[in-house]
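Protein chains in written order, with my numbering: chain A, 2 to 236; chain B, 2 to 236. Structure first, then comments.
2 protein chains.
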Amino acid sequence: MTAAPPPEPLATRIGTVGILGGTGDQGRGLALRLAAAGVPVVIGSRVADRAAQAAGEVSVAAAGLDPRATPVTGLGNLDCARRAGLVVVAVPWSGHAATLAPLAEALAGKVVVDCVNPLGFDAQGAFALDVPEGSAALQAASLLPGSTIVAAFHHVSSVLLNDVTEASFDSDVMVLGDDRAATDRVQDLAALIPGMRGVYAGRLRNSRQVEALTANLISTNRRYKAHAGVRITDV
Amino acid sequence: MTAAPPPEPLATRIGTVGILGGTGDQGRGLALRLAAAGVPVVIGSRVADRAAQAAGEVSVAAAGLDPRATPVTGLGNLDCARRAGLVVVAVPWSGHAATLAPLAEALAGKVVVDCVNPLGFDAQGAFALDVPEGSAALQAASLLPGSTIVAAFHHVSSVLLNDVTEASFDSDVMVLGDDRAATDRVQDLAALIPGMRGVYAGRLRNSRQVEALTANLISTNRRYKAHAGVRITDV
């Protein structure tokens, strides 16, 4: 009788996570926190050199957060999409469709996590933009017919993600999707970040309001000088 | 030198609160909690007799929750709108426009708190309905040009509101509106219910997603067998 091997740690079971738009604030912050949790992360950018530079900076910051951090790689978006098993879309809304359309083949068969918020800004603050497909996540589903789309990480403050003095997050992540295995995997991913928790919050057809709610949190931030997040109670 | 009189308690400073649709689950639950907190409450219904019956039942339940509870009155919707200084709209979405349109004069100059969620339901659960005006609260603003509209109380579980074994609520109330004095007053109203807190969450133009988010919480409730609520963190 031989002893069973120890279970593979969750961070490596998750597989390599690609982050399209990983040089922006949201993508960089997620890369930092996932790398610190031991997840292999590839930052993608339109310009591979810029991705490589960000990856180097994030690697140093992640190692400072947690000595078990994995080094981060930087690649062009297409290579990032090919390399990763699960891909987070963290590009600005203005580049959403143009970034995803050429990646349909590279992303086929993979879980794509959309955290993009289609928002406009004027003198009165932020407001939700109308998206012909219904939401950013539904646009991703339309552009990437071979991928499994999950919507998540909309409400996590990029300021707090990038603040290395913040060891833990008082925030849940609403996870939406039509495929149970995929939403479970993204909930597991969220749970790797200390203090964070992934909570299932419905099908993709209900993603518009979750994206748009970010406009409300921006209003809350202005009123209270805060970095507001959301916790779901009784769960 | 005379001593200053003691400050008027917040519950009486709020004034008489009318609840249109106060015989439904949401309205009845809010009436119960506000009456228990000492707020004078008038339940409104299309049928005055039904309002009076609900008022009697709620008065008994409120007195059981808190001996300082105020008795609840029941009236037809028009008399309820006339009597109250602040009116909560808790009718089903299907009756929203028809209830409010004839009350424009009675509600002029008053704060009207809309907590209606325009939702549809099918085999896959709840989903957000499109509203020509943009949201239930924006429809109220269009139908009641002389009133000050606030959107609030969308995510408070009516099951928990009506459960007299629940003494306290682990839930925030997102309060939206374009008039600071009105949103402050509704935040004060929410804070009268133990455990509840009113958090400013933007202008009325951002009310659609707050109403629609109730569809997500219904999905969360089904998955986790819960009565999900929302807390805003870092505020």
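The beta-carbon is built from N, C-alpha and C at its ideal position, and this holds for glycine as well.
8 Å Cβ cutoff met for residue i and residue j
i	j	result
Gly230 of chain A	Ser158 of chain A	yes
Gly214 of chain A	Gln210 of chain B	According to the sequence shown, residue 214 of chain A is Leu rather than Gly. Closer than 8 Å, so yes.
Val112 of chain A	Leu21 of chain A	no
Gly199 of chain B	Val160 of chain B	no
Ala52 of chain A	Leu76 of chain A	yes
Arg204 of chain A	Ser220 of chain B	yes
Leu144 of chain A	Leu101 of chain A	yes
Ala172 of chain A	His156 of chain A	The identity of residue 172 of chain A in the sequence shown is Ser, whereas the question assumes Ala. Yes.
Pro10 of chain B	Gly39 of chain B	yes
Ala107 of chain B	Arg83 of chain B	yes
Span of the beta strand (DSSP E) around residue i
i	result
Ser172 of chain A	172 to 178
Leu120 of chain B	120 to 123
Gly19 of chain A	18 to 21
Asp80 of chain A	Here Asp80 of chain A belongs to no beta strand (DSSP E); instead the alpha helix (DSSP H) covers 78 to 84.
Asp115 of chain B	112 to 115
Arg232 of chain B	230 to 234
Nearest to residue i (by Cα), restricted to the options the options
i	options	result
Val59 of chain B	B:Ala49, B:Asp67, B:Val73	B:Val73
Ser148 of chain B	B:Phe154, B:Gln140, B:His155	B:Gln140
Ala191 of chain A	A:Ala153, A:Gly19, A:Val112, A:Val48	A:Ala153
Val90 of chain A	A:Arg232, A:Asp179, A:Ile150	A:Ile150
Asn118 of chain A	A:Tyr201, A:His97, A:Ala105	A:His97
His239 of chain A	A:Ser208, A:Asn217, A:Ala99	Residue numbering for chain A in the displayed model covers 2 to 236; residue 239 of chain A lies beyond these limits and cannot be assessed.
Gly25 of chain A	A:Pro133, A:Ala12, A:Arg47	A:Arg47
Asp185 of chain B	B:Ile15, B:Leu104, B:Arg83	B:Ile15
Asp180 of chain B	B:Glu167, B:Ala142, B:Met197	B:Ala142
Glu167 of chain A	A:Gly196, A:Gly110, A:Asp189, A:Pro103	A:Gly196
Ser208 of chain B	B:Asp164, B:Pro146, B:Val132, B:Val165	B:Val132
Ala183 of chain B	B:Cys116, B:Leu87, B:Asp164, B:Asp50	B:Leu87
Val61 of chain A	A:Pro8, A:Val165, A:Pro146	A:Val165
Asp189 of chain B	B:Tyr225, B:Ala12, B:Pro146, B:Ala109	B:Ala12
Ala109 of chain B	B:Pro146, B:Tyr225, B:Pro6, B:Gly30	B:Pro146
Ser94 of chain A	A:Pro7, A:Pro8, A:Pro6, A:Ala138	Note that residue 94 of chain A is Trp in the sequence shown, not Ser. With distances taken between Cα atoms, Trp94 of chain A lies closest to A:Ala138.
Cut-off 6 Å between Cβ atoms - residues of its own chain near residue i, not counting five sequence neighbours on either side
i	result
Pro41 of chain A	Thr17, Thr71
Gly121 of chain A	Phe128, Leu130
Val114 of chain B	Val89, Val151, Ala153, Val187
Cys81 of chain B	Gly19, Val43, Gly45
Contacts around residue i, its chain only, beta-carbon distance under 7 Å, and the 5 residues preceding and following it disregarded
i	result
Ala37 of chain A	Ala63, Leu66, Asp67, Ala70
Arg223 of chain A	Gly126
Arg34 of chain A	Leu162, Ile194
Ala85 of chain A	Thr17, Val18, Gly19, Val43
Val236 of chain B	Val200
Ala32 of chain B	Ile20, Gly23, Val42, Ile44, Val59, Val73
Cys116 of chain A	Gln27, Val89, Val90, Ala91, Ala153, Phe154, His155
Ala56 of chain A	Ile44, Val73, Thr74, Gly75
Residue i - containing alpha helix (DSSP H), residue span
i	result
Thr166 of chain A	Unbroken run through Thr166 of chain A: none, as it is neither H nor E.
Ile219 of chain B	209 to 225
Gly30 of chain A	26 to 37
His97 of chain A	97 to 101
Lys206 of chain A	In the sequence as presented, Lys is not what sits at residue 206 of chain A; that position holds Arg. Premise fails: Arg206 of chain A is in no alpha helix (DSSP H) and is neither H nor E.
Leu11 of chain A	11 to 14
Glu106 of chain A	105 to 108
Ser143 of chain B	137 to 144
Where residue i sits in the DSSP three-state scheme
i	result
Ile150 of chain B	strand
Leu87 of chain B	strand
Asp185 of chain A	helix
Val59 of chain A	helix
Asp131 of chain A	coil
Asp67 of chain A	coil
Gly199 of chain A	strand
Asp50 of chain B	helix
Val43 of chain A	strand
Own chain, CB closer than 8 Å to residue i, minus 5 neighbours either side, in chain order
i	result
Ala202 of chain A	Met175, Val176, Leu177, Val211, Ile233
Ala49 of chain A	Gly75, Leu76, Gly77, Asp80
Pro103 of chain A	Leu79
Gly124 of chain B	Strictly speaking, residue 124 of chain B in this sequence is Ala, with Gly absent from that position. Cβ neighbours of Ala124 of chain B beyond the five flanking positions: none.
Glu134 of chain B	Gln140, Ala142, Ser143
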